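J.: Going down the list, the sequences are from chains A and B.
Quick note on numbering: the first sequence equals residues 1 to 111 in the working numbering.
Quick note on numbering: the second sequence equals residues 112 to 424 in the working numbering.
Every residue gets a Cβ at the ideal spot worked out from N, C-alpha and C, and that includes glycine.
Note that the structure is a prediction, hence the values are computed from the model and not measured.
Just passing along the structure, written as structure tokens.
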Amino acid sequence: MVQKRELIKGSSDSLLLCLFAQQPMYGYQIIKELEKRSQGYFKFKEGTLYPALHRLENAGLIEGKWHMLPNGRPRRYYHITAKGHATLSTERVQWQDFISAVNMILQPAED
Amino acid sequence: MTTALNHYLEIIRTNLRIDLAEGKEVISELETHIEDRLQELKESGLSEEEAEKTCLRLLGSAKIIARQIYEAHSQGSWQQALLAALPHLLFSALFALNWWHHAGWLSFILVLLVGTSIYGWWHGKPTWVFPWLGYSLIPVAAFGLVLLYLPREWSLLTIPFYFLFALWWIFCLVVQTTKRDWLLSSLMLLPMPIVIGWFLTLVPGAKITAETLERMDYFAPWIAVSFLILALTIAAFIRLRQRWLRIGLLIISGLLTLTIVVYFVGGKLSTETFAGLILVMWGLFLVPPLMEWFFRKTKRILQRYALFTPPHR
Chain A
1 MVQKRELIKG SSDSLLLCLF AQQPMYGYQI IKELEKRSQG YFKFKEGTLY
51 PALHRLENAG LIEGKWHMLP NGRPRRYYHI TAKGHATLST ERVQWQDFIS
101 AVNMILQPAE D
Chain B
112 MTTALNHYLE IIRTNLRIDL AEGKEVISEL ETHIEDRLQE LKESGLSEEE
162 AEKTCLRLLG SAKIIARQIY EAHSQGSWQQ ALLAALPHLL FSALFALNWW
212 HHAGWLSFIL VLLVGTSIYG WWHGKPTWVF PWLGYSLIPV AAFGLVLLYL
262 PREWSLLTIP FYFLFALWWI FCLVVQTTKR DWLLSSLMLL PMPIVIGWFL
312 TLVPGAKITA ETLERMDYFA PWIAVSFLIL ALTIAAFIRL RQRWLRIGLL
362 IISGLLTLTI VVYFVGGKLS TETFAGLILV MWGLFLVPPL MEWFFRKTKR
412 ILQRYALFTP PHR
């Protein structure tokens, strides 16, 4: 359980950037999207999403903008910045290299 | 929203300790999240009470969220660190380069201190402004010194009023700062025991004489070193994220600088005076959190009172 939490923690920034690269999203939508796409694997305390979003925003990787809904409720949508796109590209390559290396070790050795 | 959820958001609000405008945005964002989640839970068939309990469980600890958001916002850039350390660096340069002899430099630094403090205070009170605010108390102290040179009767008449004014000024500044974060009050007041320590060494009779100027010349390098340590402390404070590290840094740096003052003064500052300075320093570190505790308690009592008081018709 601890290992899974550590894995999620280590990859949360890349996962969030990946989602924002597809479309701008708000907090609750991000939780639902992560849960749906990972078929329930990425489940965490919902409140902890916001510190991660604020950290990414302060690093200039995403930008939040308030939108007023027709029912008068404000919502903060986050979209990825140019710096965020560049970081995501680098992290994608690193992840792919990492996954390939892990797969090579996990696969049974051929005689 | 129910009382339990409001209480949850209140815990986050009081533990955030970030810029007020940013804090409001954080709470508004969480409110929207809670409303979305409650609506979905109720649509899935849960009662109001069950939905509330589930929502709180899914959100996680309010204090952890507040701490993590604080850490996401607390780290300043290197430019901000330099800006925050600048008043200490200027005071260090004042003594290292013997600028303190020149009225021009003194006036320039004084105007810069007051100007930057006013600018920062009216532009969102960023963290870098608090060290500047601490030094803006020096003109108040200098004015008190000037009063000592008035004819005796005038001095006796004006000094009590001056003390009341100076205490009121410091109190207002500390209260306003503590409402945001008590740690910023401690940051602001950090140079005070050091300045008092040097003042007691250089001007024991509270009047500036030719001997005072000689002593200042002699101790100038060590005064510069003590302000340099403060500058490095502030720069590190701005760059650190974790609150406990920031608190530890201020305490260690304060003690280290005071020790330097006592060590290099070489017997001119007695053990009793050093103990007194340590007490003043602990006071500076304890008064702001106690004030914050008092404000929060008062706020809670007022909120409870408002809950039980029927609205005016």
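Starting from TYR50 (chain A), trace the alpha helix (DSSP H) in both directions and tell me its first and last residue.
T.: 49–58
J.: At what residue ranges does the stretch 209–235 of chain B contain a whole run of the alpha helix (DSSP H), taking only runs of 4 or more?
T.: Whole alpha helix (DSSP H) segments, 4+ residues: 214–233.
J.: What residues in its chain sit with their C-beta under 7 Å from that of ASN35 (chain A), if we drop five residues either side in the sequence?
T.: It should be pointed out that residue 35 (chain A) corresponds to Glu in this sequence rather than to Asn. Within the same chain, GLU35 (chain A) has close Cβ partners PHE42 and LYS43.
J.: Starting from PRO70 (chain A), trace the alpha helix (DSSP H) in both directions and tell me its first and last residue.
T.: Where PRO70 (chain A) is concerned, there is no enclosing alpha helix (DSSP H), because DSSP gives it neither an H nor an E.
J.: Give the residues of chain B in contact with PRO51 (chain A), contact being defined as C-beta atoms less than 8 Å apart.
T.: What PRO51 (chain A) touches in chain B: ILE176, GLN179, ILE180, GLU182 and ALA183.
J.: Given that TYR28 (chain A) touches chain B, what residues does it touch there, using C-beta distances under 8 Å?
T.: THR143, HIS144, ASP147 and ARG148
J.: For LYS65 (chain A), does the three-state DSSP call read helix, strand or coil?
T.: LYS65 (chain A) falls in the strand class under three-state DSSP.
J.: Under 7 Å Cβ to Cβ from ALA335 (chain B), same chain only, skipping five residues before and after it: list those, please.
T.: SER203, PHE206 and ALA207
J.: Along chain C, in chain order, which residues have C-beta atoms closer than 7 Å to that of GLU154 (chain B)?
T.: Absent from the structure: chain C. Protein chains present are A and B.
J.: Measuring only between beta-carbons, confirm whether LEU169 (chain B) sits less than 7 Å from chain A.
T.: yes
J.: Less than 8 Å between the CB atoms is what I'm expecting for ILE281 (chain B) and LEU313 (chain B), so what's the real figure, rounded?
T.: ILE281 (chain B) to LEU313 (chain B), Cβ: 22 Å. No contact.
J.: Which of helix, strand or coil does DSSP assign to TYR329 (chain B)?
T.: In the structure shown, TYR329 (chain B) sits in a helix (DSSP, three-state: H, G or I).
J.: Do the CB positions of PRO302 (chain B) and VAL391 (chain B) come within less than 7 Å of each other?
T.: no
J.: Hey, how far is the Cα of LEU120 (chain B) from the Cα of VAL285 (chain B)?
T.: Each residue's CA atom was taken as its position, placing LEU120 (chain B) and VAL285 (chain B) some 26 Å apart.
J.: Per DSSP, which one or two residues make a beta bridge with TYR374 (chain B)?
T.: None; TYR374 (chain B) has no bridge partner.
J.: Can at least three beta-carbon pairs, one atom from the stretch 360–377 of chain B and one from the stretch 329–347 of chain B, be found at a separation below 8 Å?
T.: yes
J.: When you compare each of B:HIS212, B:GLU151 and B:ARG128 to LYS174 (chain B) by their alpha carbons, which one comes out closest?
T.: Of the candidates B:HIS212, B:GLU151 and B:ARG128, the one whose C-alpha sits nearest the C-alpha of LYS174 (chain B) is B:ARG128.
J.: For THR370 (chain B), count the other beta carbons within 10 Å of its own beta carbon; 16 or more makes it buried, fewer makes it exposed. Which is it?
T.: exposed
J.: Can you confirm whether the stretch 144–154 of chain B touches the stretch 93–105 of chain A when touching is taken to mean that 3 or more C-beta pairs between the two stretches lie within less than 8 Å?
T.: For the pair of segments examined, the stretch 93–105 of chain A was found not to touch the stretch 144–154 of chain B: the number of CB pairs separated by less than 8 Å stays below three.
J.: Using a Cβ cut-off of 7 Å, pull out every chain B residue sitting near ASN58 (chain A), in sequence order please.
T.: ALA183 and HIS184
J.: For a test of the three-state rule: what should DSSP assign to ILE176 (chain B), helix, strand or coil?
T.: helix
J.: Using a Cβ-based criterion (distance less than 6 Å to any ligand heavy atom), does GLY134 (chain B) qualify as near the ligand SAH?
T.: Inclusion of the ligand SAH in the displayed structure is not the case, the ligand content being empty and no account of it being possible.
J.: ASN126 (chain B): which of B:TRP333, B:LEU167 and B:LEU294 sits nearest, CA to CA?
T.: When the alpha-carbon of ASN126 (chain B) is set against those of B:TRP333, B:LEU167 and B:LEU294, the nearest one is in B:LEU294.
J.: Report buried or exposed for ALA68 (chain B), applying the criterion of at least 16 other Cβ atoms within 10 angstroms of its Cβ.
T.: No information on residue 68 (chain B) is available, as it lies outside the stretch 112 to 424 that chain B covers here.
J.: How many Å lie between VAL306 (chain B) and TRP404 (chain B) at the Cα?
T.: 28 Å
J.: Verify whether the separation of the beta carbon atoms of TYR26 (chain A) and ARG76 (chain A) is less than 7 Å.
T.: yes
J.: From this set, A:HIS67, A:MET68 and A:LEU53, which residue's C-alpha is nearest LEU61 (chain A)'s C-alpha?
T.: A:LEU53
J.: Listing by chain order, which chain B residues have their CB less than 8 Å from the CB of ILE73 (chain A)?
T.: The sequence shown places Arg at residue 73 (chain A), rather than the Ile named in the question. THR143 and GLU146, listed in chain order.
J.: Would you mind sorting TRP66 (chain A) into buried or exposed? The rule is 16 or more other CB atoms within 10 Å of its CB.
T.: exposed
J.: Near LEU131 (chain B), which residues of its chain fall below 6 Å by C-beta distance, leaving aside the five closest residues on each side in sequence?
T.: None.
J.: Let me check one thing: in DSSP terms, what residues is TYR78 (chain A) bridge-paired to?
T.: A:MET25 and A:GLY64
J.: Between which two residues does the alpha helix (DSSP H) holding GLN190 (chain B) run?
T.: 189–207
J.: Looking at the unbroken alpha helix (DSSP H) that takes in GLN150 (chain B), where does it start and where does it end?
T.: Start and end: 131–154.
J.: State the DSSP-derived secondary structure class of SER185 (chain B), mapped to helix, strand or coil.
T.: SER185 (chain B) falls in the helix class under three-state DSSP.
J.: Tell me which same chain residues have a C-beta within less than 7 Å of the C-beta of PRO198 (chain B), skipping the five on either side of it?
T.: LEU224, PRO242, TRP243 and TYR246
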